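Enquirer: Numbering (the working numbering), first residue to last: -17 to 136.
In this text, a Cβ means the ideal position worked out from N, Cα and C, and glycines have one as well.
Please read all numbers here as calculations on a predicted model, not as lab measurements.
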């Protein structure tokens, strides 16, 4: 299977394991970040990135189902790659989207539960951010499950 690129720097990836580039220089693409530890072995965090291209390669969790996406890699030296929080395997939980009210020119920024969306809906939500809507950032929420060490192959 080949990787399909989208004009905003987001890519659909086949089920492959991609290694994160180790040459992250700075977090200059980050407008705001927060990290929240929960009582479970998971961490949740939110990043606010400039408008696309983000350079994040997303992979469907369950292809064809509305169960969200996870990060499978990055375009080298992109906003996603340079962000110190985002890691391969992180699950996208939320994204902001521009919502245009039917029959009017009014619009608002809404938060979308990405865990209940398919790949195309998530990409549409992220790509809805445009300068003409006076929205110069995309806010993405992620969840990371801590890896639990297994001893003796159990």
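#1: Fully enclosed by the region 36 to 117, which beta strand (DSSP E) runs are 3 residues long or longer?
#2: Is it buried or exposed for residue 45, if we count other Cβ within 10 angstroms and need 16 for buried?
#3: Output the boundary residues of the beta strand (DSSP E) element that contains residue 31.
#4: Using 10 angstroms around the beta-carbon of residue 62, count the other beta-carbons present and answer buried if the total reaches 16, otherwise exposed.
#5: From residue 6 to residue 56, what distance separates their C-alpha atoms?
#6: Within 10 angstroms of the Cβ of residue 104, are there 16 or more other Cβ atoms? Answer buried if so, exposed if not.
#7: Can the beta-carbon of residue 68 be found closer than 8 Å to that of residue 120?
Expert: Here's the rundown:
#1: Within the region 36 to 117, the beta strand (DSSP E) runs of at least 3 residues that lie entirely inside it are, in chain order, 38 to 42, 51 to 56, 73 to 82 and 89 to 95.
#2: On the chain shown, position 63 is the one that residue 45 refers to. So residue 45 counts as exposed.
#3: What you label residue 31 is simply residue 49 of the chain shown in a count that begins at 1. Here the beta strand (DSSP E) through residue 31 covers 24 to 32.
#4: Residue 62 sits at position 80 when you count from the first residue of the chain shown. Classification for residue 62: buried.
#5: Walking along the chain shown from the start, residue 6 turns up at place 24. Walking along the chain shown from the start, residue 56 turns up at place 74. Model confidence at residue 6 stands at a pLDDT of 36, short of 50, so the residue's coordinates are unreliable and nothing is read from them.
#6: Counted from its first residue, the chain shown places residue 104 at position 122. Buried is the call here.
#7: For the purposes of this step, residue 68 is taken as residue 86 along the chain shown, with counting starting at 1. For the purposes of this step, residue 120 is taken as residue 138 along the chain shown, with counting starting at 1. No; because the gap between Cβ atoms is not below 8 Å, this pair is not in contact.
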